[in-house]
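**Student:**
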Amino acid sequence: MDTKPLLYTGIIIPIIFWLSTIICGFVHGNYNHFSNTISELGAIGTKSEALMETFTLLNTVLSVFFMAGLFIACSQLQLNILPVFGVIGFPIMFGWAAIFHAGNPLHSASGPVFLTLYIGALLSAILWRGEEFRQISKLSLLSLSIMLLIFIRFIPSATIQNNYTGLIQRLAHLGWSVWFVSLGSCFIKLLNTKEQRQLK
Numbered sequence: 051m052d053t054k055p056l057l058y059t060g061i062i063i064p065i066i067f068w069l070s071t072i073i074c075g076f077v078h079g080n081y082n083h084f085s086n087t088i089s090e091l092g093a094i095g096t097k098s099e100a101l102m103e104t105f106t107l108l109n110t111v112l113s114v115f116f117m118a119g120l121f122i123a124c125s126q127l128q129l130n131i132l133p134v135f136g137v138i139g140f141p142i143m144f145g146w147a148a149i150f151h152a153g154n155p156l157h158s159a160s161g162p163v164f165l166t167l168y169i170g171a172l173l174s175a176i177l178w179r180g181e182e183f184r185q186i187s188k189l190s191l192l193s194l195s196i197m198l199l200i201f202i203r204f205i206p207s208a209t210i211q212n213n214y215t216g217l218i219q220r221l222a223h224l225g226w227s228v229w230f231v232s233l234g235s236c237f238i239k240l241l242n243t244k245e246q247r248q249l250k
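For the sequence shown, this note's numbering assigns the number 51 to the initial residue and increments by one for each residue that follows.
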């Protein structure tokens, strides 16, 4: 089985996600990307609710394929699989949001699951050692650093709380986006290199 098509989903998922926020923002009709959270695009009763649910479910399904590709790639490259378990938080979080829209009391219950992405990025930087994996380690640290910017939201500032909640949340989403693209592209490159060596 060719693993690379599964890994390409790691590049496709962020593209779909960011396009969905832009498209649903227009459909919503009264949305500010700086101050409004992404969950508000799929909030109960909004014009963009059904469309955002569709995009979110699509990314949930694609992320399962991405995880499968990562597990297989780790086996082929003889890498520790622990960092990949961090990605499990993504389909759980997105699947939950697709089922329990903003406005539902259960919507925010999956929030802590997002922390698994932080752990996964950190573990990939620590456990995937060696010259071949240096790029993945560096990009994993970069994505982790970007995701940590979410904690800006805890600064007790009315300006931040009232005007930049959406922007700060998007920084965290930018973090996992960088990690997914990095994992997908780097693993594809590593598998191509391995195949070329085997042909010699």
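Where a beta carbon is used, it is the ideal one built from N, C-alpha and C, also for glycine.
Short of 7 Å in beta carbon distance, which residues of its chain neighbour valine 114, apart from the five on each side in sequence? Order them along the chain.
**Tutor:** For this step, residue 114 is matched to residue 64 along the sequence shown. Pro141, listed in sequence order.
**Student:** If serine 232 and serine 193 are in contact, beta carbons under 8 Å, what's the gap, nearest whole angstrom?
**Tutor:** Within the sequence shown, residue 232 is the residue found at index 182, counting from 1. Within the sequence shown, residue 193 is the residue found at index 143, counting from 1. Contact flag correct, Cβ pair sits at about 7 Å.
**Student:** For glycine 170, which three-state DSSP category applies?
**Tutor:** Taking the first residue of the sequence shown as 1, we reach residue 170 at position 120. In the three-state scheme derived from DSSP, where H, G and I count as helix and E and B as strand, glycine 170 is classed as helix.
**Student:** Mapping DSSP to helix, strand and coil, what is tryptophan 226?
**Tutor:** On the sequence shown, position 176 is the one that residue 226 refers to. The answer is helix: DSSP assigns tryptophan 226 an H, G or I state.
**Student:** Just to confirm, is the Cβ distance from alanine 171 to glycine 136 under 8 Å?
**Tutor:** Here residue 171 corresponds to residue number 121 of the sequence shown, with the count starting at 1. Here residue 136 corresponds to residue number 86 of the sequence shown, with the count starting at 1. Yes, Cβ-Cβ distance for alanine 171 and glycine 136 is below 8 Å.
**Student:** If you drop the 5 nearest sequence neighbours on each side, which residues of the same chain put their C-beta closer than 7 Å to that of lysine 54?
**Tutor:** Here residue 54 refers to the residue found at position 4 when the sequence shown is read from its first residue. So the list reads Ile238, Leu241, once near-sequence residues are dropped.
**Student:** Tell me the rounded alpha-carbon separation between glutamine 185 and isoleucine 65.
**Tutor:** Position 135 of the sequence shown holds residue 185. Position 15 of the sequence shown holds residue 65. C-alpha separation (whole angstroms): 21 Å.
**Student:** In the DSSP assignment, the alpha helix (DSSP H) including glutamine 128 goes from what residue to what residue?
**Tutor:** Indexing the sequence shown from 1 puts residue 128 at position 78. Unbroken run through glutamine 128: none, as it is neither H nor E.
**Student:** To the nearest angstrom, how far is the alpha carbon of phenylalanine 121 from that of proline 133?
**Tutor:** Within the sequence shown, numbered from 1, the residue matching residue 121 stands at position 71. Within the sequence shown, numbered from 1, the residue matching residue 133 stands at position 83. For phenylalanine 121 and proline 133, the distance between alpha carbons rounds to 10 Å.
**Student:** Would alanine 147 pass as a contact of serine 187 if the rule is Cβ separation under 8 Å?
**Tutor:** As a first step, residue 147 is located in the sequence shown; it is residue number 97 there, counting from the start. As a first step, residue 187 is located in the sequence shown; it is residue number 137 there, counting from the start. Not in contact: alanine 147 and serine 187 (Cβ atoms no closer than 8 Å).
**Student:** Given this structure, state the Cα-to-Cα distance separating glutamine 248 from histidine 83, to the nearest angstrom.
**Tutor:** For this step, residue 248 is matched to residue 198 along the sequence shown. For this step, residue 83 is matched to residue 33 along the sequence shown. Taking the straight line from one Cα to the other gives about 48 Å.
**Student:** In this structure, how does DSSP classify histidine 83 when only helix, strand and coil are distinguished?
**Tutor:** Here residue 83 refers to the residue found at position 33 when the sequence shown is read from its first residue. Three-state result, histidine 83: coil.
**Student:** Are threonine 166 and glycine 119 close, meaning C-beta to C-beta below 8 Å?
**Tutor:** Locating residue 166 in the sequence shown gives position 116, counting from the first residue. Locating residue 119 in the sequence shown gives position 69, counting from the first residue. The Cβ atoms of threonine 166 and glycine 119 do not sit closer than 8 Å to each other.
**Student:** Identify which residue in Ser85, Asn86, Asn109, Gly79 has its Cα closest to the Cα of serine 98.
**Tutor:** Mapped onto the sequence shown, residue 98 falls at position 48. Closest option to serine 98, Cα to Cα, is Gly79.
**Student:** Express the C-alpha separation of valine 77 and serine 125 in angstroms, rounding to a whole number.
**Tutor:** Working through the sequence shown from its first residue, we reach residue 125 at position 75. Working through the sequence shown from its first residue, we reach residue 77 at position 27. So the two alpha carbons sit approximately 43 Å from each other.
**Student:** Hey, how far is the Cα of cysteine 123 from the Cα of phenylalanine 67?
**Tutor:** In the sequence shown, counting from the first residue as 1, residue 123 sits at position 73. In the sequence shown, counting from the first residue as 1, residue 67 sits at position 17. The amino acid at residue 123 is misidentified as cysteine; the sequence shows alanine. Their backbone Cα atoms lie some 24 Å apart in a straight line.
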